[in-house]
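J.:
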Amino acid sequence: MIPQELGPSWIGNLNFYFVYLVILLGRSVLVSYLVLVLIVLLRRTGFRKTVFAKGMLWCLLFPVLFVGKLRLFYEHPFLARCFLWWHNFCVTESWFCWIYMAGIVCTSGYLIYRRLRLGILLHGAKKTYIGDTRVYIFSKPVTPFTTGILFPKIVVPEFMQDTYTGEELQMVLLHEKIHIRLGHLWLYLLWDIFCCLLWMNPFLFFSTRFFQEDLEHICDRVAIQKSNGNAYDYGRLLLKSLRRLKEEAQGGTAAFVGEHSYREMKSRIEKVAGFRTYTIKSILLCLGSLCLLLSGGIAGLRFASYPVYAESMDITVCSPDLRLWQIGKQAELSEAIIIDEKTVTIRREAWEQVLECNGIQEEIYYISFGGYSKLPGIGGGGNIVTVDSKMKGDLIISYINNDKLFWNWVIKHL
């Protein structure tokens, strides 16, 4: 067992929690490789010609975060052989867990830096209204984009404001408004969080453009239907935007946000050309099925997993040379030992019989009790009292209840 250090040592508490957390995340990383391969294969085969269903495939990654505590990793013979090495590695090489957590911090810092940098660039941007929509005018040649979670901002390049017709600008703004209404900005944030937690799977970062591409296809289809289904004009506007971006960049490096490669634009045009109207009923049915699938899958994973924590009811005797005897549960030994939140009461006669049955003849020994388990072999908390067998009569021993310490309580419930 990895015992959490007793007392207020925050380093010991962090080390314990990092080991526990990295064990879970490491398994999620390994499973994410398989799920990501499945998503890529499905979106290139059976779901290649779909729009909404292909975009929803990415939701299959969400349950991956809940697989770390599955009982199968410890109780199924084959999976235990395949995955138990990760548990043992994290326990014996806890320094790696600190490296993994540092990777999460660095990846998060980089993504936050990018968002802050974009915010700084927009701070000095000119603000104006196109129709009744407030927009930010960006001087560099970029595709229109939306940023901000709680307070979304629509950004339009300066050349579009100067050269596009009012109708074309309204179509551009409609596309960006749909991103906001469909919650795509929140999905991008969740994707970033997912990449940070599972940063050891580099293919997640490489798949970001496919994820964004599928959301763009969904947004295109909704925008076309909202504009009375004029797919021809919409596709012509996409091609015009691509041509003007190249002209404005003049061979330099444009800070394109969104699709900028020929392959991606070709894919968008193909989807626009194959536009078919949809009904709200069919979309709601698809979303409802997805929610039922995800909630059922997550509920099934939780049911097949270990609980957040399990209270330890075992009583263990430890000798000074660290020999251990697990002598039973607290309820089974209630006639010999009574434990409350502040004291341990030992009834000498009954306790001596327990020691004799377990072959314990130590003059000085320790009684360990309490604590909790989060995974097999991964536990924390716990209390110890010292007993001298030379002391006569029943004993009442006071102790500091480590299970009530703040850090133990926090980590136990995380």
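First residue of the sequence shown? That's 952 in the working numbering, and the numbers climb one at a time after it.
Glycine residues also receive a C-beta, built at the ideal position from the N, C-alpha and C atoms.
From a predicted model like this one, the values you see are computed outputs, not experimental measurements.
Would you kindly work out how many angstroms separate the C-alpha atoms of V1093 and V1107, rounded to a whole number?
T.: Position 142 of the sequence shown, counted from the start, is the residue given in the question as residue 1093. Position 156 of the sequence shown, counted from the start, is the residue given in the question as residue 1107. Those two C-alpha atoms are separated by around 8 Å.
J.: Just confirm the distance between the C-beta atoms of S1233 and C1147, as a whole number of angstroms; I'd bet it's less than 8 Å.
T.: Translated into positions along the sequence shown, residue 1233 becomes position 282. Translated into positions along the sequence shown, residue 1147 becomes position 196. Not quite, the Cβ-Cβ distance comes to about 35 Å (not below 8 Å), so this is no contact.
J.: Considering only the alpha carbon of each residue, which of Q1112, Y1139 and V1018 lies closest to C1063?
T.: Locating residue 1063 in the sequence shown gives position 112, where the first residue counts as 1. Reading off the sequence shown, one finds Ile at residue 1063, where the question assumed Cys. Selected option, being the one with the closest Cα: Y1139.
J.: Inspect the CB distances between the region 969-981 and the region 1320-1330 and report whether three or more fall short of 8 Å.
T.: Touching, yes, given that three or more Cβ pairs across the two stretches are closer than 8 Å.
J.: Using only the alpha-carbon positions, how far apart do P1095 and L1021 sit?
T.: As a working note, residue 1095 is residue 144 in the sequence shown. As a working note, residue 1021 is residue 70 in the sequence shown. Distance between the alpha carbons of P1095 and L1021: 44 Å.
J.: Run through the region 1299-1342 for me and flag every whole beta strand (DSSP E) of 3 or more residues, listed as ranges in chain order.
T.: 1315-1320, 1323-1326, 1329-1331 and 1334-1339, all fully within the region 1299-1342.
J.: When DSSP builds the beta bridges, which residues end up paired with T1296?
T.: Here the question's residue 1296 lines up with position 345 in the sequence shown. In the DSSP output, where bridge partners are listed per residue, T1296 has I1289 and I1347.
J.: Between which two residues does the alpha helix (DSSP H) carrying P1028 extend?
T.: The sequence position of residue 1028 within the sequence shown is 77, counting from 1. Its alpha helix (DSSP H) spans residues P1028 to T1043.
J.: The beta strand (DSSP E) spanning T1098 covers which residue range?
T.: The sequence position of residue 1098 within the sequence shown is 147, counting from 1. Per DSSP, T1098 belongs to the beta strand (DSSP E) from F1096 to T1098.
J.: So, for T1084: in the same chain, excluding its five sequence neighbours on each side, which residues have a beta-carbon less than 8 Å away from its beta-carbon?
T.: The sequence position of residue 1084 within the sequence shown is 133, counting from 1. These residues qualify, in order along the chain: I1105, L1124 and K1128.
J.: Run through DSSP, which three-state label would L1238 get?
T.: Translated into the one-based positions of the sequence shown, residue 1238 becomes position 287. Reduced to three states, the DSSP call for L1238 is helix.
J.: Let's see if you can read the secondary structure: which residues bound the beta strand (DSSP E) around C1147?
T.: Working through the sequence shown from its first residue, we reach residue 1147 at position 196. First-last for C1147: H1135 to L1148, but that is the alpha helix (DSSP H), not the beta strand (DSSP E).
J.: Going by DSSP, what residue range makes up the alpha helix (DSSP H) through C1170?
T.: Along the sequence shown, one-based indexing puts residue 1170 at 219. First-last of the alpha helix (DSSP H) with C1170: T1159 to K1177.
J.: Quick check: the Cα distance between V1295 and S1349, rounded to an integer number of angstroms?
T.: Position 344 of the sequence shown, counting from 1, holds the residue named residue 1295. Position 398 of the sequence shown, counting from 1, holds the residue named residue 1349. Roughly 6 Å separates the two Cα atoms.
J.: Alpha carbon to alpha carbon, how far is V1217 from W1036?
T.: Looking up residue 1217 in the sequence shown gives position 266. Looking up residue 1036 in the sequence shown gives position 85. Before going further, note that residue 1217 is Lys rather than Val in the sequence given. Looking at the two C-alpha atoms, the distance is approximately 45 Å.
J.: For the candidate residues Y1316, V1336 and P1028, whose alpha-carbon lies nearest to that of I1290?
T.: One-based indexing of the sequence shown puts residue 1290 at position 339. That would be V1336, whose Cα lies nearest to the Cα of I1290.
J.: Rounded to whole angstroms, how far is the Cβ of A1287 from the Cβ of V1268, which I believe are closer than 8 Å?
T.: Along the sequence shown, one-based indexing puts residue 1287 at 336. Along the sequence shown, one-based indexing puts residue 1268 at 317. Contact doesn't hold; Cβ gap of about 12 Å is too wide.
J.: Examine the Cβ distances between the region 1300-1319 and the region 1267-1281 and report whether three or more of them are shorter than 8 Å.
T.: Flag = yes, the region 1300-1319 and the region 1267-1281 touch.
J.: By DSSP, does G998 sit in helix, in strand, or in coil?
T.: In the sequence shown, residue 998 corresponds to position 47, counting from 1. Before going on, a small fix: residue 998 reads as Phe here, not Gly. Coil, per DSSP.
J.: Do W1009 and F1157 have their C-beta atoms closer together than 7 Å?
T.: Taking the sequence shown and counting its residues from 1, one reaches residue 1009 at position 58. Taking the sequence shown and counting its residues from 1, one reaches residue 1157 at position 206. Contact: no.
J.: Taking the beta carbon of W1302 as the centre, do at least 16 other beta carbons fall within 10 Å, making it buried, or is it exposed?
T.: The residue labelled residue 1302 in the question sits at position 351 within the sequence shown. Buried, because 16 or more other Cβ atoms sit within 10 Å of the Cβ of W1302.
J.: Go ahead and pull the three-state DSSP assignment for E1283.
T.: Numbered from its first residue, the sequence shown carries residue 1283 at position 332. Three-state DSSP puts E1283 in coil, outside helix and strand.
J.: For S1090, which of helix, strand or coil comes out of DSSP?
T.: Along the sequence shown, read from residue 1 onward, the residue named residue 1090 stands at position 139. Coil, per DSSP.
J.: Consult DSSP for V1259 and reduce its assignment to one of helix, strand or coil.
T.: Within the sequence shown, the letter at position 308 stands for residue 1259. V1259: coil per DSSP, three-state reduction.
J.: Tell me D1265's beta-bridge partners as DSSP assigns them.
T.: Translated into the one-based positions of the sequence shown, residue 1265 becomes position 314. D1265 is bridged to K1280.
J.: Please check if any C-beta of chain C sits within less than 7 Å of the C-beta of W1302.
T.: Among the protein chains of the structure shown there is no chain C, as only one such chain exists.
J.: Can you tell me whether E1118 is buried or exposed? The criterion is at least 16 other CB atoms within 10 Å of its CB, across all chains shown.
T.: Position 167 of the sequence shown, counting from 1, holds the residue named residue 1118. Under this definition E1118 is an exposed residue.
J.: Take Y968 as the anchor and find which of C1041, V1002 and G997 has the nearest alpha-carbon.
T.: Start at 1 with the first residue of the sequence shown, and residue 968 comes out as number 17. Here the closest residue by C-alpha is C1041.
J.: Quick check: the region 998-1005 against the region 1166-1186, are there 3 or more CB pairs under 8 Å?
T.: These segments touch.
J.: Give a yes or no on whether the C-beta atoms belonging to I1050 and T1097 are separated by under 7 Å.
T.: Residue 1050 sits at position 99 when you count from the first residue of the sequence shown. Residue 1097 sits at position 146 when you count from the first residue of the sequence shown. No, they are not a contact pair.
J.: L1346 and F1017: beta carbons closer than 7 Å?
T.: For the purposes of this step, residue 1346 is taken as residue 395 along the sequence shown, with counting starting at 1. For the purposes of this step, residue 1017 is taken as residue 66 along the sequence shown, with counting starting at 1. No, these two residues do not count as a Cβ contact at 7 Å.
J.: List the DSSP bridge partners of T1116.
T.: Counting from one through the sequence shown, the residue named residue 1116 turns up at place 165. Answer is none; T1116 lacks a bridge partner.
J.: Taking buried to mean at least 16 other C-beta atoms within 10 Å of its own C-beta, is S1246 buried or exposed?
T.: Your numbering for residue 1246 matches position 295 in the sequence shown. With fewer than 16 other Cβ atoms within 10 Å, it is exposed.
J.: Does the distance from the C-beta atom of D1143 to that of G1006 stay below 7 Å?
T.: Residue mapping note: residue 1143 aligns to position 192 of the sequence shown, counting from 1. Residue mapping note: residue 1006 aligns to position 55 of the sequence shown, counting from 1. In this structure, G1006 does not lie closer than 7 Å to D1143 by Cβ.
J.: Can you tell me whether N1352 is helix, strand or coil according to DSSP?
T.: For the purposes of this step, residue 1352 is taken as residue 401 along the sequence shown, with counting starting at 1. Three-state result, N1352: coil.
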